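Numbering (my numbering), first residue to last: 9 to 178. Down below is the structure, laid out as structure tokens.
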């Protein structure tokens, strides 16, 4: 059985990948050595198609493994699933790297552009170039555009990027 920290983390990951059904599925998988998708569907009451969809999503992230056997009567394959909690750390690290990459791109975009905004909820900020094309008037509501200070956003992005780099040892 998993430790409580790993268990809680695993449940958060399952929830992010497949919501409540994935959490139920992981709850059943974590106490067993191996189980078929059909057995999971019967135990949980989750439709077989949903069970398979969640299992394949978890498999894509190496959080579960499978062993395939052939049914001697029907000739069909039977998939035996097993939880791989030791792969959780690698999954989390890869997700952090992906987030770091996206935040770095966003930080560069924010730092290299001037923005203008009409201060109307639902309208978007425009870059200087877009504002010039619109003659400094919002294309949605028609209000005049004013310079939008994004320094706070840049500082927050820098802090988050630095935090992720430290966590990843970069």
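Backbone N, C-alpha and C fix where the C-beta goes; we use that ideal spot for every residue, glycine too. In this text the structure is predicted, and so the values were computed from the model without any measurement.
Rounded separation between residue 82 and residue 76 - CA only: In the chain shown, residue 82 corresponds to position 74, counting from 1. In the chain shown, residue 76 corresponds to position 68, counting from 1. Those two C-alpha atoms are separated by around 14 Å.
Any non-hydrogen atom of the ligand ZN closer than 6 Å to residue 178 Cβ: Among the ligands in the structure shown, none appear at all, so the ligand ZN cannot be discussed.
Backbone CA spacing between residue 174 and residue 125 [nearest angstrom]: On the chain shown, residue 174 is found 166 positions in, with the first residue counted as 1. On the chain shown, residue 125 is found 117 positions in, with the first residue counted as 1. Near 34 Å, if we compare the C-alpha coordinates of residue 125 and residue 174.
Three-way DSSP call (helix, strand, coil) for residue 44 in this model: For the purposes of this step, residue 44 is identified with residue 36 of the chain shown, where counting begins at 1. Correct three-state label for residue 44: strand.
Cutoff 7 Å: residue 20 Cβ touching any chain D Cβ: Given the protein chain composition of this structure (a single chain), no chain D is represented.
Within 7 Å, strictly: CB atoms of residue 45 and residue 55: Numbered from 1 along the chain shown, position 37 holds the residue referred to as residue 45. Numbered from 1 along the chain shown, position 47 holds the residue referred to as residue 55. No; because the gap between Cβ atoms is not below 7 Å, this pair is not in contact.
For residue 118, the nearest candidate out of 63, 37, 31 and 164 (CA to CA): Counting from 1 along the chain shown, the entry for residue 118 is found at position 110. Selected option, being the one with the closest Cα: 164.
Cβ contact check for the segment 84-91 and the segment 140-149: 3 or more pairs under 8 Å: no
7 Å Cβ cutoff met for residue 108 and residue 172: As a first step, residue 108 must be located in the chain shown, where it is residue number 100. As a first step, residue 172 must be located in the chain shown, where it is residue number 164. Yes, the Cβ-Cβ distance between residue 108 and residue 172 is below 7 Å.
Residues of its chain near residue 31, where Cβ-Cβ distance is below 8 Å and the 5 sequence neighbours each way are ignored: Against the chain shown, residue 31 aligns to sequence position 23. Cβ neighbours of residue 31 beyond the five flanking positions: 19, 22 and 23.
Own chain, CB closer than 6 Å to residue 49, minus 5 neighbours either side, in chain order: The residue you call residue 49 lines up with position 41 of the chain shown. Closer than 6 Å at the Cβ level, and outside the excluded window around residue 49, lie 56 and 59.
Cutoff 8 Å; reference residue 36; Cβ partners in own chain excluding five residues on either side: For the purposes of this step, residue 36 is taken as residue 28 along the chain shown, with counting starting at 1. 43, 48, 51 and 52.
Alpha-carbon to alpha-carbon, residue 161 and residue 105: Sequence index remark: in the chain shown, residue 105 carries index 97 (1-based). Sequence index remark: in the chain shown, residue 161 carries index 153 (1-based). Approximately 20 Å between the Cα atoms of the pair.
CA-to-CA distance, residue 130 to residue 41, given in whole angstroms: Start at 1 with the first residue of the chain shown, and residue 41 comes out as number 33. Start at 1 with the first residue of the chain shown, and residue 130 comes out as number 122. Distance between the alpha carbons of residue 41 and residue 130 is about 51 Å.
Three-way DSSP call (helix, strand, coil) for residue 100 in this model: Here residue 100 refers to the residue found at position 92 of the chain shown. Helix, per DSSP.
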